[in-house]
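J.:
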Amino acid sequence: MGLEGYRDAELTEKIVKLISKVDLPHKIKIMHVCGTHENSIGRFGIRSILPEHIELVAGPGCPVCVCPASDIDIAIEIALQEEVILATFGDMIRVPAKINTDKDKPNSSLQTAKSRGADVKIIYSPLDALKLAEKNPDKRVVFFSVGFETTAAGVASILYNNPPPNFSILSSHRLIPPPMELLLGIGDIQIDGFMLPGHVTTVIGMNPFKIFPEAYLMPTVAAGFEPVDILSAILNIAEQIKEEKASLVNQYTRAVKEDGNQKAISIMNDVFEEVSAYWRGIGRIPRSGLKLKEKYSKWDANRVFDTAHKSLCAGFDIHPSCSCHLIMAGKIYPPDCTLFSKKICNPDNPFGPCMVSIDGTCRIWHRYEGKT
Ligand code: SF4
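Here our numbering is used: the first residue of the sequence shown is 77, the next is one more, and so on.
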């Protein structure tokens with residue numbers, strides 16, 4: 077089926093009817109953990125066509141939103157040093173570092189560091205950062221690297237191929253399965269099924285998600301990003317719940333292999349080790365972050381600039397008036413935050429991280445005017 081087929085209105089309607097006919101024992105809540113899924117859900121108005129007894133919530137699927145203030149503090153500290161070019165994705169520039177609750181003192185960010193003289197460059201892929209290093213041999217080029225498994229695979233490939241010595245990585249990579257497991261332990265969230273992110277499963281495959289049906293009896297389905305993909309995954313989860321089953325299902329077979337991309341996994345395992353990591357608004361999660369292994373330490377910005385000891389989170393990560401932590405845990409929706417889309421929090425003037433990034437749930441809901 078071509079891409080258009082996955083947007084076919086007749087097929088979409090047919091799947092929605094099938095979903096409505098599933099005789100569920102109770103209202104169910106399905107969580108996805110992917111900004112691209114939330115964007116598709118908003119763009120195609122998927123929530124509005126689902127029956128009332130099926131709720132679709134966004135989990136912590138935005139890597140920019142979960143990047144802790146302490147990592148941004150370190151990036152700023154490095155960016156302000158002599159002969160440094162700090163390269164990062166555009167969204168990272170405006171994310172606040174440690175939150176300042178004093179209204180008269182603006183929060184620091186990479187944008188404010190730029191105004192203090194830091195050479196911060198926006199790039200679109202890890203390869204752009206590598207090119208910057210190659211073009212500027214007299215500068216120290218640091219890639220502030222934020223993202224889940226998909227981005228980490230590309231970064232690992234660069235390091236594996238012996239980049240120039242003036243290049244380094246400030247890794248703020250996070251892994252998707254650990255926070256999913258953490259959320260299942262929070263009693264008042266009550267998730268009934270997981271929709272897995274297509275990009276991440278393309279890289280790591282289905283195996284790391286086996287734990288959810290096997291240990292937590294949680295229907296878990298990998299989905300692509302078109303309406304037919306998302307609705308088919310919802311139908312599959314609903315049917316599993318009705319039949320009291322819990323299986324791991326790959327509904328995105330045109331992109332995802334059961335074992336993922338073995339070459340990418342092998343390179344990632346060679347370059348990175350799993351470490352306990354802090355998630356903004358959520359807290360420290362065991363084995364949820366990626367650090368460069370010892371043999372790659374000459375490209376580890378934390379080693380090069382001696383900042384590793386500073387990577388503990390201190391101070392406010394989320395402003396007390398911002399509810400991003402509740403939104404990223406799937407407890408509330410953006411319109412439940414009293415600051416949503418008012419003068420005080422909108423994409424031009426974001427108050428919290430979820431309004432900054434294009435993958436942030438608040439920003440997506442703002443774009444689709446809350447009609448997601
Ligand atoms: S609307 Fe703004 S203040 Fe409210 S949760 Fe979202 S980002 Fe935070």
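Built from N, CA and C at the ideal position, the CB exists for glycine as well. Here the structure is a predicted model, which is why all the values come from computation and not from measurement.
1. Would DSSP call THR448 helix, strand or coil?
2. Where the beta carbon is closer than 5 Å to any heavy atom of ligand 1, which residues qualify, in chain order?
3. Between the C-alpha atoms of SER308 and LEU260, what's the straight-line distance to the nearest angstrom?
4. Rank VAL109, GLU114, VAL217 and VAL133 by C-alpha distance to the C-alpha of GLN157 and give the top, closest one.
5. Since LEU162 sits in a beta bridge, which residues does DSSP pair it with?
6. Do you know offhand how far LEU289's Cα is from ALA314's?
7. Where does the unbroken beta strand (DSSP E) through VAL297 begin, and where does it stop?
8. DSSP beta-bridge partners for MET271?
9. For GLY166 and PHE381, I'd like the C-alpha separation in whole angstroms.
10. Which residue marks the beginning of the alpha helix (DSSP H) containing GLU290, and which one marks its end?
11. Could you check where the alpha helix (DSSP H) with GLU86 kicks off and where it finishes?
12. DSSP state of GLU128, grouped into three classes?
13. Nearest-angstrom Cα distance between THR278 and ILE122?
14. Apply the 10 Å Cβ neighbour rule to ASP305 and answer buried if 16 or more other Cβ atoms are within range, or exposed otherwise.
15. Please confirm whether MET77 and ALA229 have their CB atoms less than 8 Å apart.
16. Thinking just about the alpha-carbon of each residue, which of SER399, ILE161, GLY406 and SER221 is nearest to the one in ILE262?
17. Decide if ASN115 is buried, meaning its Cβ has at least 16 other Cβ atoms within 10 Å, or exposed.
18. Per DSSP, which one or two residues make a beta bridge with ILE245?
19. Considering only residues of the same chain and omitting the five flanking positions on each side of HIS275, which have a CB-CB separation below 6 Å?
20. Which term fits THR448, buried or exposed, when burial requires 16 or more other beta carbons within 10 angstroms of its beta carbon?
21. Against chain D, does GLY121 count as a neighbour if the rule is that its beta carbon must be under 8 Å from one of theirs?
22. If you count every other CB in all the chains shown that lies within 10 Å of the CB of SER352, and 16 or more means buried, which is it?
23. Going by DSSP, name the residue or residues bridged to GLY359.
24. Between the segment 105-112 and the segment 323-339, do at least 3 Cβ pairs fall closer than 8 Å?
25. Here's the rule I'm using: 16 or more other beta-carbon atoms within 10 Å means buried, otherwise exposed. How should GLY357 be labelled?
26. Quick one: Cα of THR383 to Cα of LYS90, how far?
27. Measuring CB to CB, does PRO303 end up less than 8 Å from ARG83?
28. Going along the chain, which residues of its own chain have a beta-carbon closer than 7 Å to the beta-carbon of ASP268, five neighbours each way excluded?
29. Would you identify the three-state DSSP class for ALA134, choosing helix, strand or coil?
T.: The structure says:
1. Model confidence at THR448 stands at a pLDDT of 49, short of 50, so the residue's coordinates are unreliable; what they give is reported in the following sentence. THR448 falls in the coil class under three-state DSSP.
2. CYS398, SER399, CYS400, CYS413, LEU415, PHE416, CYS421, PHE427, GLY428, CYS430, MET431 and CYS438
3. 23 Å
4. VAL217
5. VAL196 and VAL218
6. Looking at the sequence provided, one finds Pro at residue 289 rather than Leu. Cα to Cα, the separation comes out at about 14 Å.
7. 296-299
8. HIS108 and VAL297
9. 23 Å
10. 287-292
11. 85-97
12. coil
13. 23 Å
14. buried
15. no
16. GLY406
17. buried
18. PHE219 and ASP376
19. THR226
20. The pLDDT assigned to THR448 is 49, lower than 50, so where the model puts this residue is not dependable; a value taken from the coordinates is nonetheless given after this. Buried, since its Cβ has 16 or more Cβ neighbours within 10 Å.
21. Among the protein chains of the structure shown there is no chain D, as only one such chain exists.
22. exposed
23. TRP355
24. no
25. buried
26. 55 Å
27. yes
28. ILE104, LYS105, ILE106 and ILE317
29. strand
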